[in-house]
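Trainee: Heads up: the sequence shown begins at 1116 in my numbering, then just goes up one per residue.
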Amino acid sequence: MTLIKWEESTWEEIRDACSKGAITLVPVGSVEQHGPHLPLGTDYLIVDAIAERIGKESKDLTIIKTPPLPYGLSSMWGAYPGTVTLTTNTYLHLIKELIHSVIRSGCRKVIIINGHAGNSDALRVACRDTVEELGKGEVAVVTLWDLCGDIINRSFQTGFFHADEVESSVALALGLRVKGPLRAAGEAHRKYSDFWHSLDLTVRPKAYVFRPESREMHGAGSFGRPDLASSEKGRALVDCLIRRLGEFLNEFMLSNV
Ligand SMILES: [Zn+2]
């Protein structure tokens, strides 16, 4: 196992690691309201910690980790002070230029580990376009919460949403600053039945409906039952995330570019 931090390396170290087939992990998240109890940086702090652990625990692979990209697409929480959002066009350009730089440095395989569901669509578009433009490289986008819907169903009392039982448990497990006491919150604002868009991450079909959200407040900004969160539940989920990401990493490594 070797974990190389991009920002602590020299250019020659990055060149050499890339030429020997290292995979680069790019953690991306958001700076947005996470209720009265979780920090604004929750999404990027979670993915950065998980990426670091994967790097340390991956056997036989050399992993490079870039600094996390904190800012993302968070217009949905724009009514809350502290939320910082990029526009979609800025984000697309930023992601494309970031991947360009990593691949131009000699890295052939890149995994973006995303902690904020609101970034997912733009990330997929940016990555598809970038590899086409470059004509080389292989880029994977993995949104953390998509990896473990089945485990969430088994281990948590409530479904995944935002600043809820699940996310608060992971934050506790990773040692983020969590401001107690944790309180039950309202349910997610729902206009459509579970058939079209269940919060259960394993359920299909899903219909995506958009309406202006950036001026809406939803109470204190947490959802579901943060009061049911625990670091034990969070640790089990983090272990599962690390295991699944590790399995994917090994398959991704073996695929030919
Ligand atoms: Zn979050």
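Cβ atoms here follow ideal geometry from the backbone N, Cα and C, with glycine treated the same way.
Pick out whichever of L1176, A1194, D1131 and P1341 has its Cα sitting closest to the Cα of P1327.
Mentor: Here the question's residue 1327 lines up with position 212 in the sequence shown. With distances taken between Cα atoms, P1327 lies closest to A1194.
Trainee: Since I1227 sits in a beta bridge, which residues does DSSP pair it with?
Mentor: Mapped onto the sequence shown, residue 1227 falls at position 112. I1227 is bridged to V1141 and V1256.
Trainee: Is the Cβ-Cβ distance between L1262 and L1176 less than 9 Å?
Mentor: For this step, residue 1262 is matched to residue 147 along the sequence shown. For this step, residue 1176 is matched to residue 61 along the sequence shown. Cβ atoms of L1262 and L1176: not closer than 9 Å.
Trainee: Does DSSP put G1349 in a helix, in a strand, or in coil?
Mentor: Along the sequence shown, read from residue 1 onward, the residue named residue 1349 stands at position 234. The answer is helix: DSSP assigns G1349 an H, G or I state.
Trainee: For K1180, write down the residues that DSSP places opposite it in a beta bridge.
Mentor: Start at 1 with the first residue of the sequence shown, and residue 1180 comes out as number 65. The partner list for K1180 (beta bridge, DSSP) reads K1120 and L1140.
Trainee: Looking at ligand 1, does it come within less than 8 Å of D1267, judged from the CB to the closest heavy atom?
Mentor: For the purposes of this step, residue 1267 is taken as residue 152 along the sequence shown, with counting starting at 1. Just to set this straight, residue 1267 is Ile in the shown sequence, not Asp. I1267: no, Cβ never under 8 Å from ligand 1.
Trainee: Beta carbon of S1235: closer than 8 Å to some heavy atom of ligand 1?
Mentor: Position 120 of the sequence shown, counted from the start, is the residue given in the question as residue 1235. Answer for S1235: no, Cβ out of range of ligand 1.
Trainee: Please report how far the alpha carbon of G1197 lies from the alpha carbon of L1207, in whole angstroms.
Mentor: Mapped onto the sequence shown, residue 1197 falls at position 82. Mapped onto the sequence shown, residue 1207 falls at position 92. Spanning the two alpha carbons is a distance of roughly 22 Å.
Trainee: Based on the DSSP output, what are the partners of P1151 in its beta bridges?
Mentor: Position 36 of the sequence shown holds residue 1151. DSSP, once it has assigned bridges, lists H1149 as partnering P1151.
Trainee: Can you tell me where the alpha helix (DSSP H) holding S1270 begins and where it ends?
Mentor: For this step, residue 1270 is matched to residue 155 along the sequence shown. Counting along the chain, the alpha helix (DSSP H) containing S1270 begins and ends at G1264 to S1270.
Trainee: Are the region 1248-1260 and the region 1213-1222 in contact at 8 Å, needing three or more beta carbon pairs?
Mentor: Yes, the region 1248-1260 is in contact with the region 1213-1222.
Trainee: To the nearest angstrom, how far is the alpha carbon of A1299 from that of M1368?
Mentor: Taking the sequence shown and counting its residues from 1, one reaches residue 1299 at position 184. Taking the sequence shown and counting its residues from 1, one reaches residue 1368 at position 253. The straight-line gap from Cα to Cα measures roughly 42 Å.
Trainee: To the nearest angstrom, report how far apart W1192 and L1184 are at their CA atoms.
Mentor: Reading the sequence shown from its first residue, position 77 is the one you call residue 1192. Reading the sequence shown from its first residue, position 69 is the one you call residue 1184. Distance between the alpha carbons of W1192 and L1184 is about 18 Å.
Trainee: Use the C-beta contact count for W1126: other C-beta atoms within 10 angstroms, 16 or more gives buried, fewer gives exposed.
Mentor: Position 11 of the sequence shown, counting from 1, holds the residue named residue 1126. W1126 is exposed by the Cβ-count criterion.
Trainee: Going by the DSSP bridge assignment, what does G1187 pair with across the sheet?
Mentor: Here residue 1187 corresponds to residue number 72 of the sequence shown, with the count starting at 1. G1187 is bridged to T1200.
Trainee: In the DSSP assignment, the alpha helix (DSSP H) including T1317 goes from what residue to what residue?
Mentor: Looking up residue 1317 in the sequence shown gives position 202. First-last for T1317: undefined, no H or E at that position.
Trainee: Is the beta carbon of A1137 closer than 9 Å to that of I1165?
Mentor: Within the sequence shown, residue 1165 is the residue found at index 50, counting from 1. Within the sequence shown, residue 1137 is the residue found at index 22, counting from 1. No, these two residues do not count as a Cβ contact at 9 Å.
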